[in-house]
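Read left to right, the sequence shown gives residues 2 to 119 (the working numbering).
Ideal Cβ positions, reconstructed from N, Cα and C, are used throughout, including at glycine.
Below you'll find the structure, written out as structure tokens, and then a few comments.
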Amino acid sequence: MGAWDAVAARVAGGATVEFRPTGSSMVPLIRSRQRVVVAPVDPSKLKAGDIVLARVAGTVYLHLVSAVDPARKRVQISNNRGRVNGWTGHERVFGICTSVDGVPRVGAAEKTRAVRGA
2 MGAWDAVAAR VAGGATVEFR PTGSSMVPLI RSRQRVVVAP VDPSKLKAGD
52 IVLARVAGTV YLHLVSAVDP ARKRVQISNN RGRVNGWTGH ERVFGICTSV
102 DGVPRVGAAE KTRAVRGA
């Protein structure tokens, strides 16, 4: 299991996770090594522009929701440079980015899901 899979498993299990992703596909929203916080999400509340931790075609990404299909309970995931990763079902959307380097993402807190027993 890779590092992204481990983060996804923790968030899917109900944990809020802080980490520093690398890469440039989300610039300027997230720059390489900026601290992000990802919390469990209620996928039914997602909108285009939200940053989520999701598995698409076997790969875990911290990318944008670029479209939503509520009838089929799925979202389209893309990077911030125009590349579409594909559609994924709500069950494979693990978390939402609630802050980047301590700056809250507008509207993200209202989309987190309560974890039973927490």
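Going by alpha carbons, who is nearest to residue i out of the options?
i	options	result
Arg-56	Thr-17, Ala-16, Glu-92 and Gln-35	Glu-92
Gly-96	Lys-112, Lys-74, Asn-86 and Pro-105	Lys-112
Cys-71	Leu-65, Ala-58, Trp-88 and Val-61	The question names Cys, but residue 71 in the sequence shown is Pro. Ranking the options by Cα distance to Pro-71, first place goes to Trp-88.
Lys-74	Val-66, Gly-59 and Gly-90	Gly-90
Ile-52	Arg-36, Leu-30 and Thr-60	Leu-30
Ala-126	Lys-46, Val-94 and Ala-115	Residue 126 falls outside the range modelled here, since the chain spans only 2 to 119, and no answer is possible.
Pro-105	Val-37, Gln-77, Ala-7 and Val-66	Val-37
Who are residue i's beta bridge partners in DSSP?
i	result
Phe-20	Val-37
Val-94	Ala-55
Thr-113	Val-42
Val-104	Val-101
With respect to the alpha helix (DSSP H) encompassing residue i, which residues constitute its N-terminal and C-terminal limits?
i	result
Val-28	Segment: none, Val-28 is in no alpha helix (DSSP H) and carries neither H nor E.
Starting from residue i, follow the beta strand (DSSP E) in both directions and report where the run begins and ends.
i	result
Val-8	No beta strand (DSSP E) contains Val-8, which is instead part of the alpha helix (DSSP H) from 4-13.
With three or more beta-carbon pairs closer than 8 Å as the criterion, would you say the region 78-97 touches the region 11-30?
yes
Three Cβ pairs or more, each shorter than 8 Å: is that satisfied between the region 8-22 and the region 37-51?
Because the criterion of three Cβ pairs below 8 Å is met, the region 8-22 and the region 37-51 touch.
As an exercise, report each continuous beta strand (DSSP E) stretch of at least 3 residues that is fully enclosed by the region 37-89, in chain order.
37-41, 52-57, 60-70 and 75-79
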